[in-house]
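So the protein sequences, as listed, match chains A and B. Per this note's numbering, the very first residue in the first sequence carries number 19; after that it's consecutive. Per this note's numbering, the very first residue in the second sequence carries number 700; after that it's consecutive.
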Amino acid sequence: MGAMPQLVVSQVAKRYGRTTILDGVDLTVHGGEVVALTGENGAGKSTLMRICAGLVKADAGEVTVGGAIGYCPQVPGLFELLTADDHLVMFGRGVGMGRSASLHRGHALLEEFGYPLRERSVTRDLSGGTRQKLNLALALLTDPAVLLLDEPYQGFDRGTYVDFWDHCTTWRHSGKAVVVVTHMLAELDRVDRVVELPVHRSRYTGAG
Amino acid sequence: MSGMRRALIMAEMHGRDLMRRHVALFLLVALPLSFYLASRGAGDSAIVAGGVGMAFSVSGATLFSVLSSTEVDQRLVLGGYRPLDLLLGRLLFLGPAGLVVSAAFSTLMVTASSPGRPWLTFVGVAAVALQSIPFGLAVGAAVPRELEGTLVLIGVIGMQLAVEPGSPVAKALPFYGAAELISASLDAQGRIAGPLVLTVLYGLVLMLVARLFMTGRVDVVRHGEIR
């Protein structure tokens with residue numbers, strides 16, 4: 019792999035009470051690489067993604083990144099009574115994008131995912147898959163170098179789901195480091211590498 | 700300047716969100732009105748009950764704006780906002796909105812109950828509305844969920860309404876200064892400057908508490924760069 023690492027996770031550990039979720043996890047993702055993060059329920063996949071995004075503090079270890087992070091959570095974090103356009107403007111403003119630039123870039127992304135652009139409903143009234151498309155577009159709005167996608171295709175119909183993996187190929191070609199949490203074993207040939215997180219035994223025994 | 704722009708966009712979005720909550724908007728006015736109407740038989744104290752009762756609706760709306768969006772808030776911080784931008788955004792929208800509601804409500808009470816110093820009724824009820832925002836922000840940032848936050852609001856504002864106005868407990872509560880202003884508006888007596896200063900100071904302390912807890916709640920870890 020010739021490209022520079024864009025995400026380096028070194029010996030990251032996380033406990034909640036007496037339960038160890040992550041114990042000395044290492045992960046390096048290069049630019050132009052798509053990594054699938056798999057593991058049983060409770061293995062700590064979402065926790066690791068949240069640590070990488072900076073939303074949760076690790077108890078030990080270090081995360082370093084090569085650029086901006088785009089994070090798409092498993093459950094869309096959206097304001098229920100705001101529209102897609104409202105969200106695009108709000109998220110764009112965070113990085114200093116103007117209103118029209120946010121909408122222009124956001125609409126282009128939404129269109130790529132097959133979002134019905136004529137839809138002016140507030141997010142509460144959107145289907146799960148449509149909300150997820152917006153969720154994904156918000157993660158990509160600022161053209162991040164590192165993409166952390168936590169089961170981002172939930173609620174997608176078959177066509178959009180297939181398109182999603184095609185987009186992973188596009189992101190790979192544009193040099194992004196992509197981590198996708200997935201249980202979809204049939205699609206693992208679409209990624210460069212599969213990293214499986216083990217379930218720590220304390221998850222079941224309560225032992226440290 | 701960019702910080703102010705971020706706060707303004709948050710104010711706009713909170714405004715859009717609240718304006719689409721029609722039932723909540725109705726309750727924002729109906730709740731203090733019901734306090735006032737229910738207390739009208741008790742004479743002048745109805746204005747105090749109605750005025751302080753406004754704290755329920757404004758701080759309730761503020762509390763909900765914080766607790767219903769913790770996940771989004773953290774994502775916004777990840778996307779470049781500061782926790783302070785999120786607080787200021789709410790303050791910038793809810794402050795003027797609270798003042799509008801308080802002005803309409805004060806007009807109604809002044810017309811119906813004819814207090815001695817009507818202008819001071821406006822000031823006192825406006826002080827309740829403004830104090831309710833840092834109070835709602837502080838409670839919303841400090842407690843984990845809506846239920847706990849609502850119970851704290853009911854407890855604190857309920858106590859403010861129930862305890863003897865001159866008691867030490869009443870003086871320790873956040874709406875004491877504003878309640879004193881409303882009481883002072885009923886006749887030509889009563890202090891104005893002291894309660895006003897107390898309200899401002901209490902509001903500043905509540906904002907500091909809100910900022911402290913909000914930062915702890917939504918701030919994100921900034922990772923080091925790969926060298």
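Glycine included, every Cβ here is placed at the ideal spot set by N, Cα and C. These numbers were taken from a predicted model, which means no experiment stands behind them.
Pairwise C-beta distances place the region 910-925 of chain B in contact with the region 778-790 of chain B, as three or more of them are shorter than 8 Å. The Cβ of A/Ile69 sits closer than 9 Å to at least one Cβ of chain B.
Excluding five sequence positions before and after B/Leu777, the CB atoms of its chain that fall closer than 7 Å to its own CB belong to Val919, given in chain order.
Note on B/Ala737: under 16 other CB atoms within 10 angstroms of its CB, so exposed under the neighbour-count rule.
Contacts with chain A (Cβ-Cβ distance below 9 Å) from the region 764-781 of chain B involve Ser767, Ser768, Thr769, Glu770, Val771, Asp772, Gln773, Arg774, Leu775, Val776, Leu777, Gly778, Gly779, Tyr780, listed in chain order. Residues of chain B with a Cβ closer than 8 Å to the Cβ of A/Met108 are, in chain order, Ile708, Met709, Met712, Leu775. Look at A/Ser28 here: in three-state DSSP terms it is strand. Apart from the 5 residues on each side of it in sequence, A/Glu205 sits with its Cβ closer than 6 Å to the Cβ of Trp183 in its chain, given in chain order. By the Cβ neighbour-count rule, B/Met703 is exposed, with fewer than 16 other Cβ atoms within 10 Å of its own.
Taking a Cβ-Cβ cut-off of 9 Å, the neighbours of B/Glu924 in chain A comprise Thr82, Val83, Gly84, Gly85, given in sequence order. Exposed is the label assigned to B/Arg926, since fewer than 16 other Cβ atoms lie within 10 Å of its Cβ. Assigned with DSSP and collapsed to three states, B/Arg916 falls in helix. Taking all protein chains shown into account, B/Ser801 has 16 or more neighbouring C-beta atoms within 10 Å of its C-beta and is therefore buried. Here B/Arg715 carries a helix assignment [DSSP, helix/strand/coil].
Within chain B, the residues Arg704, Arg705, Ile708 have their CB atoms less than 7 Å from the CB of A/Arg111, given in chain order. Burial check for A/Glu169: the Cβ neighbour count within 10 Å reaches 16 or more, so the residue is buried.
DSSP, reduced to helix, strand and coil, places A/Leu165 within a strand of the structure shown.
If you draw a straight line from the Cα of A/Gly42 to the Cα of B/Glu847, it comes to about 36 Å.
For A/His105, the enclosing alpha helix (DSSP H) starts and ends at 102-112. In its chain, beyond the 5 residues on either side, Thr46, His48 have a beta carbon closer than 6 Å to the beta carbon of A/Pro23.
Among the residues facing chain A, B/Ser801 is not included, as its CB has no counterpart in that chain under 9 Å away. Listed in chain order, the non-local C-beta contacts of B/Tyr875 below 6 Å within the same chain comprise Ala869, local neighbours out to five positions each way being set aside.
Here A/Val212 carries a strand assignment [DSSP, helix/strand/coil]. Against A/Asp104, the close residues of chain B are Glu711, Met712, Arg715, Asp716, in the order they occur along the chain (beta-carbon pairs closer than 9 Å).
A/His185: member of the alpha helix (DSSP H) spanning 176-191, first to last residue.
In chain order, Pro833, Phe834, Ala837 place their CB closer than 6 Å to the CB of B/Leu905, counting only its own chain and leaving out the 5 sequence neighbours on each side. For A/Gly132, same chain residues with a beta-carbon under 6 Å away, outside a window of 5 residues either side, are Thr178 in chain order. The beta carbon of A/Asn153 is closer than 6 Å to those of Cys90, Pro94 in its chain, skipping five residues each way along the sequence. Flagged as an interface residue toward chain B: A/Met22, by a C-beta distance shorter than 9 Å. Put simply, of A/Arg211, A/Gly88, A/Val180, A/Arg149 the residue whose alpha carbon is nearest the alpha carbon of A/Asp103 is A/Arg149.
The shortest C-alpha to C-alpha distance from B/Ala748 to any of B/Ser701, B/Gln859, B/Glu711 is the one to B/Gln859. Here the alpha carbon of B/Phe804 sits roughly 42 Å from the alpha carbon of A/Gly124. Taking a C-beta distance under 9 Å as the contact criterion, B/Gly750 and B/Ile856 do not qualify as a contact pair. Think of a sphere of 9 Å around the beta carbon of A/Thr160: the chain B residues whose beta carbon falls inside it are Gly778, Gly779, in chain order. The alpha-carbon separation between B/Leu790 and A/Glu58 amounts to approximately 44 Å. With a threshold of 9 Å between beta carbons, B/Ser701 makes contact with chain A.
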